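Right, one structure below, let's go through it.
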Amino acid sequence: MPIYFIKRVLYIIPIALAVSFFCFSLVHLSPGDPMDAVVSADAPREVVAMVQRAYGFDRPLPEQYGRWVLRAVQGDLGLSAANGRAVTAEVFGALRNTLRLAIAASLIGFTLGCAFGTLAGYWQGSPLDRLVTGFAVGGVSVPHYWLGMLLVIVFSVELNWLPSSGAGPGSSGDWNYEWAYLRHLILPAVTLSVIPMGVVTRTVRAMVAEILNHDFVEALRAKGLAETRVFLHVVKNVAPTAMAVMGLQLGYLLGGSILVETVFSWPGTGLLLNNAIFQRDLPILQGTILVLAIFFVLLNLIVDLAQARLDPRIQRN
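Quick note on my numbering: the sequence shown kicks off at 46 and runs consecutively.
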């Protein structure tokens with residue numbers, strides 16, 4: 046396990062460098078002048094030159110990249126071109142809100158997906174299986190923004206049960222697991238959980254149906270084990286795959302919540318990215334994409350290590 050851990054950690058270094066280069070290149074190769082977001086078009090040349098020096102835009106791109114990576118390693122992602130605030134504080138403040146949303150959506154999606162997938166796998170071919178499979182396919186196919194607006198119309202406008210936007214008292218950064226905070230989280234979390242729930246349901250259903258056809262399951266039943274013990278053996282074999290799928294889905298939720306956060310005005314990285322794109326705030330764009338990418342890589346590392354812990358054959362492979 047220690048050797049496997051060291052190898053997996055070392056893999057992160059070239060991936061992180063490649064991600065940082067991609068983020069830097071992608072933003073700088075996009076059309077338009079990054080100075081447009083910092084100074085007005087009729088600003089004096091002296092002011093433009095001073096701002097270019099301050100942001101390092103007057104230097105060659107390779108030097109800009111090297112300086113940016115060096116500062117990023119030290120936790121300095123520069124200043125926002127739109128409001129002059131520290132990018133690190135802006136990104137991590139938004140990341141906390143996105144994490145709350147992604148974890149809540151993952152818990153809903155993973156719990157319901159495992160339950161539905163197990164039921165469908167155990168009763169493969171039954172009406173329940175067809176109902177669950179149709180529900181899972183619908184969950185994967187439905188557009189996030191459409192479902193979000195539908196939930197707002199039903200639960201906020203018609204029934205007036207839940208708020209339609211914002212994080213409520215949690216917008217300031219503080220968080221408490223009281224109803225005043227949680228009621229703002231329910232609609233965006235349910236909207237965001239639909240796709241991982243569909244993916245996990247289909248994965249678990251296929252795995253359970255396959256494992257039930259293995260000879261060892263028949264052998265366990267022939268030995269007279271209770272069906273609950275057989276079920277635990279099935280769950281043990283399904284768990285590594287389900288965990289890997291959910292780990293990937295959590296990563297996708299962190300980066301793919303732009304539409305949901307925009308629909309619900311949730312103050313996370315998705316809304317931050319959306320505003321940065323319209324304001325052409327390059328430091329915020331670079332910092333947010335880099336932090337999300339590194340977080341996604343670290344999340345995959347944790348999932349891989351957890352899988353290896355549950356199934357030692359992965360370490361040997």
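Here a beta-carbon is modelled for each residue, glycine too, at the ideal position from N, C-alpha and C.
Quick caveat: nothing in here was measured; it's all calculated off a predicted structure.
Can you tell me which of the options puts its alpha carbon nearest to the alpha carbon of residue i?
i: Leu176; options: Leu298, Val118, Val199 and Arg247; result: Arg247
i: Leu298; options: Asp121, Tyr49, Tyr222 and Ser238; result: Ser238
i: Ala131; options: Ile334, Ile329 and Val342; result: Ile329
i: Asp121; options: Leu335, Val348, Phe102 and Ala147; result: Leu335
i: Pro188; options: Pro241, Ile57, Asn128 and Val253; result: Pro241
i: Ala234; options: His73, Leu192, Pro105 and Leu106; result: Leu192
i: Gly158; options: Thr178, Ala126 and Gln331; result: Thr178
i: Val249; options: Thr163, Ala63 and Ala99; result: Thr163
i: Leu207; options: Phe323, Leu230 and Val342; result: Leu230
i: Thr286; options: Val305, Val245, Asp174 and Val275; result: Val245
i: Ile347; options: Asp219, Pro89 and Val290; result: Val290
i: Thr307; options: Val96, Val275, Leu337 and Thr236; result: Thr236
i: Gln109; options: His73, Arg90, Phe180 and Val92; result: His73
i: Phe155; options: Tyr49, Phe309, Met288 and Val96; result: Met288
i: Leu144; options: Trp113, Trp220 and Pro214; result: Trp220
Could one say the Cβ of residue i lies closer than 8 Å to chain B's Cβ atoms, at least one of them?
i: Asp103; result: Annotation note: the requested chain B is absent from the structure, which comprises a single protein chain.
For residue i, does the three-state DSSP call read helix, strand or coil?
i: Leu124; result: strand
i: Gly213; result: helix
i: Asn282; result: helix
i: Asn221; result: coil
i: Asn319; result: helix
i: Pro241; result: helix
i: Leu204; result: coil
i: Asp103; result: coil
i: His229; result: helix
i: Asp87; result: coil
i: His73; result: helix
i: Gly129; result: coil
Mind checking which residues open and close the alpha helix (DSSP H) that includes residue i?
i: Ile329; result: Leu327 to Leu355
i: Arg98; result: Arg90 to Tyr100
i: Ala147; result: Val132 to Tyr167
i: Ala181; result: Pro172 to Ser186
i: Leu270; result: No alpha helix (DSSP H) holds Leu270; DSSP gives it neither H nor E.
i: Gly313; result: No alpha helix (DSSP H) holds Gly313; DSSP gives it neither H nor E.
i: Arg116; result: Leu106 to Val118
i: Gly193; result: His189 to Leu196
i: Leu304; result: Ile303 to Val308
Taking 8 Å as the cut-off, decide whether the C-beta atoms of residue i and residue j are in contact.
i: Leu146; j: Ser302; result: yes
i: Leu295; j: His278; result: no
i: Leu327; j: Ala126; result: yes
i: Ser65; j: Ala117; result: yes
i: Gly292; j: Leu344; result: yes
i: Gly101; j: Val182; result: no
i: Val199; j: Ser209; result: no
i: Val342; j: Ile148; result: no
i: Trp311; j: Ala225; result: no
CB of residue i to nearest heavy atom of the ligand GDP: below 7 Å?
i: His278; result: The ligand GDP is not among the ligands present in this structure, which contains no ligands whatsoever.
Is it the case that the stretch 346–355 contacts the stretch 51–64, given that we only count it when at least three CB pairs across the two stretches are under 8 Å? Touching, per the Cβ criterion.
Meets three-Cβ-pair contact criterion under 8 Å: the stretch 302–316 and the stretch 136–145: The stretch 302–316 is in contact with the stretch 136–145.
Would you call the stretch 250–265 and the stretch 162–178 touching, i.e. three or more CB-CB distances under 8 Å? Yes, the stretch 250–265 touches the stretch 162–178.
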